[in-house]
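A.B. asks:
Residue numbers (full-length UniProt numbering): 1 to 68.
#1: Which residue wins for smallest C-alpha separation from residue 45, given the options 54, 60, 11, 10?
#2: Residue 60: which of 49, 36, 47, 41 sits nearest, CA to CA?
#3: Taking Cβ to Cβ, would you say residue 63 is nearer than 7 Å to residue 30?
#4: Just list the alpha helix (DSSP H) runs in the region 21–66, keeping only unbroken ones of 4 residues or longer that don't cross its boundaries, in chain order.
#5: Less than 7 Å separating the beta-carbons of residue 57 and residue 33?
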């Protein structure tokens, strides 16, 4: 028997309680946990505050990120 899959609310509550993480950042982590590094292309190439250079999140750390 496998354990039930956690819900977003459970993970968000755990991140808030144990790490003091806010809902927005916790939901961003939940997205990566549940869906992987791919994101919507909605803000790719725009100049708004939520802009992204690509539709794939860089998850290997800031120090190893290639220059954009």
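C-beta atoms are modelled at their ideal positions from N, C-alpha and C, and glycine is treated no differently.
As the structure is a computational prediction, the values presented were derived from the model and not from experiment.
C.D. replies: According to the structure data:
#1: Translated into the one-based positions of the chain shown, residue 45 becomes position 45. The shortest Cα separation from residue 45 among 54, 60, 11, 10 belongs to 54.
#2: By one-based count along the chain shown, residue 60 stands at place 60. It is 36 whose Cα lies nearest to the Cα of residue 60.
#3: Numbered from its first residue, the chain shown carries residue 63 at position 63. Numbered from its first residue, the chain shown carries residue 30 at position 30. Contact: no.
#4: 23–35
#5: Position 57 of the chain shown, counting from 1, holds the residue named residue 57. Position 33 of the chain shown, counting from 1, holds the residue named residue 33. Cβ atoms of residue 57 and residue 33: not closer than 7 Å.
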